[in-house]
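Peer 1:
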Amino acid sequence: MREFLKEVEQWAVGGYLEALAKGDRLTAAERQQCAERLARYTGLDAKLIDQAELRLALPEFNRALLLDSNLLVGRLDSRLTGPGTRDLSRRMEFDPSMTAIRPPYTAAFNQYVREELGFESDLEYYILGGGIGRWNPNAEGEYVNVSDSLRRALARNPYLKIYLGAGFYDMATPYFAAYYTLDHMALPAPLRNNIRVYEYEAGHMYYIHEPSLRQLSKDMAGFAEWAAPAAQ
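Okay, so the sequence shown: first residue is 2 according to this note's numbering, each after it adds one.
1. Could you name the residues of the same chain whose beta carbon sits closer than 6 angstroms to that of D171, not counting the 5 residues immediately before and after it, in chain order?
2. Identify the residues that DSSP records as bridge partners of V74: which are they?
3. Quick one: is R41 near chain B, going by C-beta distance under 8 angstroms?
4. Give the secondary structure of Y260 by DSSP, where H, G and I count as helix, E and B as strand, and everything else as coil.
5. Just verifying my parser: in three-state terms, what is the DSSP assignment at L160?
6. With a CB to CB cut of under 7 angstroms and the five nearest residues on each side skipped, what residues in its chain are close to L183?
7. For S213 and E202, I'd like the C-alpha separation in whole angstroms.
8. Secondary structure at L217, three-state DSSP: helix, strand or coil?
9. Under a Cβ-count criterion, where at least 16 other Cβ atoms within 10 Å of its own Cβ denotes burial, should P26 be classed as buried or exposed?
10. When the Cα atoms are used, what is the spatial distance from L21 to W12?
11. Using a 10 Å radius around the Cβ and a threshold of 16 neighbouring Cβ atoms, would you call Q233 buried or exposed?
12. Comparing C-alpha positions only, which one of G83, D88, E19 sits nearest to R56?
13. Pop quiz: M93 and N63 are said to be a contact at Cβ under 8 angstroms. What is the actual Cβ separation, rounded to whole angstroms?
14. Excluding five sequence neighbours on each side, which residues of the same chain lie with their C-beta closer than 7 angstroms to the C-beta of F224?
15. DSSP on G24, reduced to helix/strand/coil?
16. Would DSSP call F62 helix, strand or coil?
17. Which residue's Cα is closest to the Cα of R80: H210, M221, P104?
18. If you compare alpha carbons, which of A30, F95, Y42 is closest to E4?
19. For a test of the three-state rule: what should DSSP assign to A167, helix, strand or coil?
20. Under the criterion of a Cβ to heavy atom distance below 7 angstroms, does G15 qualify as lining the ligand HEM?
21. For F95, I'd like the list of residues in its chain whose CB is within less than 8 angstroms of its CB, leaving aside the five on either flank, ordered along the chain.
22. Among A173, Y199, A222, A228, which has the Cα closest to the Cα of S98?
23. Roughly how many angstroms separate the alpha carbons of P48 and Q33, rounded to a whole number?
24. Does DSSP put S148 in a helix, a strand or coil?
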């Protein structure tokens, strides 16, 4: 799988990027070639890709991929699917992966804090959304770019170490978007060496995939030892 993804990544920052930059200057043959290659990589129909100007947003992909089977593809974890409609014009009704993951984790957390920790509160606990949406990223009126904050933190503390876990099936925070961000932080080589990337064949919450969970345990132990080695 990794070899296939490497091929796709190279095309994404090469031929595909060039095709998008050309726009209407693409010849008919170039446009068809791009649509067919994108269809081969994504599983979508080349005609649909062409009609979308060679560029589908993720929600459109999640609805279109298994449309013939009336299935939606998960956003948090694209390995998971759920029933949808055949109407491509409608918005994605729900995230099948969120529906599958959120209830058991919410119940388990509630039981843990109440029965094992003995914690009681009348305050509403936000699992995701709700009160969390009031967070102010201090970037009003502009595009939020937290990579600048990360770059400044590394510049001010050259001993800071960063762990990046990437799930190949994560469509909420796609792994290659994270790599693209790291590649555009203008970091000197010594500081780039402070970042370690770990990949998993799972989604956003890669620890729900048992093989990835076992690998995560090893990776985190190794990262901790590397980031804060014990005194000799």
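Where is the CB? At the ideal position from N, CA and C, for every residue including glycine.
All figures in this text were calculated on a predicted structure; none of them were measured in a lab.
Peer 2: Based on what the coordinates show:
1. By 1-based counting over the sequence shown, the position of residue 171 is 170. G204, H205.
2. Against the sequence shown, residue 74 aligns to sequence position 73. Answer is T82.
3. Protein chains in the displayed structure number just one, and chain B is not present.
4. Since the first and last residues shown for the chain are 2 and 233, residue 260 lies out of range.
5. The residue labelled residue 160 in the question sits at position 159 within the sequence shown. Here residue 160 is Tyr; the residue named in the question, Leu, does not match the sequence. Looking at Y160 - three-state DSSP - the assignment turns out to be coil, as it is neither helix nor strand.
6. Position 182 of the sequence shown, counting from 1, holds the residue named residue 183. If we look at L183 and ignore the five residues flanking it on each side, its Cβ neighbours are I196.
7. As a working mapping, residue 213 is identified with position 212 in the sequence shown. As a working mapping, residue 202 is identified with position 201 in the sequence shown. Each residue's Cα considered, the two are about 7 angstroms apart.
8. Within the sequence shown, the letter at position 216 stands for residue 217. Correct three-state label for L217: helix.
9. The sequence position of residue 26 within the sequence shown is 25, counting from 1. Inspection of the sequence shows that residue 26 is occupied by Arg rather than by Pro. Exposed.
10. Translated into the one-based positions of the sequence shown, residue 21 becomes position 20. Translated into the one-based positions of the sequence shown, residue 12 becomes position 11. Within the model, the alpha-carbon separation for L21 versus W12 is close to 12 angstroms.
11. The residue labelled residue 233 in the question sits at position 232 within the sequence shown. Note that Q233 scores a pLDDT of 47, beneath 50, so its modelled location is shaky; the value from the coordinates is reported in the next line. Exposed: under 16 other Cβ atoms inside 10 Å.
12. Taking the first residue of the sequence shown as position 1, residue 56 is located at position 55. With distances taken between Cα atoms, R56 lies closest to E19.
13. Walking along the sequence shown from the start, residue 93 turns up at place 92. Walking along the sequence shown from the start, residue 63 turns up at place 62. Correct: roughly 6 angstroms between the Cβ atoms.
14. Sequence index remark: in the sequence shown, residue 224 carries index 223 (1-based). Around F224: Y164, R197.
15. As a first step, residue 24 must be located in the sequence shown, where it is residue number 23. Of the three classes helix, strand and coil, the one that applies to G24 here is helix, per DSSP.
16. Your numbering for residue 62 matches position 61 in the sequence shown. Note: F62 maps to helix in three-state DSSP.
17. As a position in the sequence shown, residue 80 is number 79, starting the count at 1. Taking only the C-alpha atoms, the option nearest R80 is H210.
18. Taking the sequence shown and counting its residues from 1, the one referred to as residue 4 is at position 3. Comparing Cα-Cα distances from E4 to each of A30, F95, Y42, the minimum goes to Y42.
19. In the sequence shown, the residue the question calls residue 167 occupies position 166. Under the three-state reduction of DSSP, A167 is assigned to strand.
20. The ligand HEM is not part of this structure, which contains no ligands at all.
21. Here residue 95 is taken as the residue at index 94 of the sequence shown, counted from 1. Contacts found: L73, G83.
22. Counted from its first residue, the sequence shown places residue 98 at position 97. If we check each option's Cα against that of S98, A173 comes out closest.
23. Within the sequence shown, numbered from 1, the residue matching residue 48 stands at position 47. Within the sequence shown, numbered from 1, the residue matching residue 33 stands at position 32. Reading the sequence as shown, one finds Lys at residue 48 and not Pro. Computed Cα separation, rounded: 9 angstroms.
24. On the sequence shown, position 147 is the one that residue 148 refers to. Of the three classes helix, strand and coil, the one that applies to S148 here is helix, per DSSP.
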